[in-house]
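Shown next, in structure tokens, is the structure this report addresses.
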Amino acid sequence: QQPVQSPQAVILREGEDAVINCSSSKALYSVHWYRQKHGEAPVFLMILLKGGEQKGHDKISASFNEKKQQSSLYLTASQLSYSGTYFCGTEIMEGHNTDKLIFGTGTRLQVFP
Amino acid sequence: ETGVTQTPRHLVMGMTNKKSLKCEQHLGHNAMYWYKQSAKKPLELMFVYNFKEQTENNSVPSRFSPECPNSSHLFLHLHTLQPEDSALYLCASSLSGSSYNEQFFGPGTRLTVL
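Chain order of the listed sequences is A and B. Sequence positions in the first sequence follow this note's numbering and run 113 to 225. Sequence positions in the second sequence follow this note's numbering and run 62 to 175.
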């Protein structure tokens, strides 16, 4: 069951903020966030494991709601380097924890000067 | 070399060819993954190896055959592929086979099947 990401695309000016959402119909063991720049490998941003958790570094942060069905990625005061496609990867809480991540369709973020 | 490396970076093959993709990780991880990334589609998990044992085969056609001789190396053997198999094939590794661990991706092999 693939998570639903929204929006599909975001266009920003430098310094603007953006929020990317990742939703699941079932509770999740974990949510991963990755960024992939064109022609490059996806790069890990952060992982959330606990309901109600919030974490971040620099101006990129994320939250995981109490029900562990939705996560949001917050990009504040965006920089040109933030441009890329953002993916969430999730594992549905069914049975024991495994190593199988299902990724969302991605959100393409473009930051212009 | 550091991180996760993949060779070749680009591959063009005919439908009757046999080729192999190679992935190597220098991170001391115990789990390795193959993903397929097609245009406008999400990353699709293909195979997972955890401590050299295959723990996941995500209904992948038999024309794709993985091999994991040790925790540092992962291969994807290809034979009689179809044009729709053209995609970016990404390898990843993590400390162990659990979705609690971050995954480190290689740069990918861009495969074109003629």
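C-beta atoms are modelled at their ideal positions from N, C-alpha and C, and glycine is treated no differently. Predicted model only: the values in this text are computed from it and were never measured.
Proximity test, Cβ basis, 9 Å: residue i and chain B
i: valine 122(A); result: no
i: histidine 144(A); result: yes
i: tyrosine 198(A); result: no
i: lysine 171(A); result: no
i: aspartate 211(A); result: yes
i: glutamate 203(A); result: yes
i: leucine 161(A); result: yes
Selected residue, minimal CA-CA separation from residue i, among the options
i: asparagine 78(B); options: Asn119(B), Tyr161(B), Arg124(B) and Cys152(B); result: Arg124(B)
i: proline 168(B); options: Gln98(B), Ala92(B) and Met74(B); result: Gln98(B)
i: phenylalanine 112(B); options: Glu105(B), Gly89(B) and Cys84(B); result: Gly89(B)
i: histidine 71(B); options: Thr188(A), Gly151(A), His208(A) and Asp170(A); result: Gly151(A)
i: leucine 187(A); options: Ala121(A), Gln114(A) and Glu128(A); result: Glu128(A)
i: lysine 149(A); options: Leu192(A), Gly164(A), Lys171(A) and Ser135(A); result: Leu192(A)
i: valine 121(B); options: Trp95(B), Ser132(B) and Pro130(B); result: Trp95(B)
Contact set between residue i and chain A, taken where Cβ atoms lie within less than 7 Å
i: phenylalanine 166(B); result: Ala153 and Pro154
i: glutamate 128(B); result: Residues of chain A passing the Cβ test: none, with the nearest at roughly 18 Å.
Any C-beta of chain A under 9 Å from that of residue i
i: lysine 83(B); result: no
i: serine 155(B); result: yes
i: leucine 172(B); result: no
i: serine 120(B); result: no
i: glycine 89(B); result: no
Per-residue DSSP class, three states only, for residue i
i: glutamate 206(A); result: coil
i: tyrosine 194(A); result: helix
i: proline 115(A); result: coil
i: glutamate 128(B); result: strand
i: glutamate 85(B); result: strand
i: glutamate 145(B); result: helix
i: serine 173(A); result: strand
i: arginine 147(A); result: strand
i: lysine 180(A); result: coil
i: alanine 189(A); result: coil
Chain-ordered chain B contacts of residue i [CB-CB under 8 Å]
i: glutamine 114(A); result: Pro103
i: threonine 219(A); result: Those do not exist, as threonine 219(A) stays about 11 Å from chain B at its closest Cβ, beyond 8 Å.
Proximity test, residue i beta-carbon vs the ligand NAP heavy atom, cut-off 8 Å
i: isoleucine 159(A); result: As far as ligands go, the structure on display features none, and thus does not contain the ligand NAP.
Under 8 Å by beta carbon: chain A residues contacting residue i
i: glycine 169(B); result: Ala153
Chain A contact residues for residue i, given Cβ-Cβ distances below 9 Å
i: threonine 213(B); result: Residue 213(B) lies beyond the stretch modelled for chain B, which goes from 62 to 175, so this question has no answer here.
**Study point:** Segment contact flag, the region 131-148 of chain B with the region 207-223 of chain A, C-beta cutoff 8 Å, min 3 pairs
**Key:** no
**Study point:** contact_flag[the region 138-145 of chain A, the region 169-180 of chain A] where n(CB pairs < 8 Å) is 3 or more
**Key:** yes
Exercise for review: Mind the definition here: the region 155-172 of chain A touches the region 160-174 of chain B only if three or more C-beta pairs lie below 8 Å; say whether that holds.
Suggested key: yes
Check your understanding: Is it a yes or a no for the region 209-217 of chain A touching the region 99-110 of chain B, going by three-plus beta-carbon pairs under 8 Å?
Key -> Cβ pair count under 8 Å is three or more, so yes.
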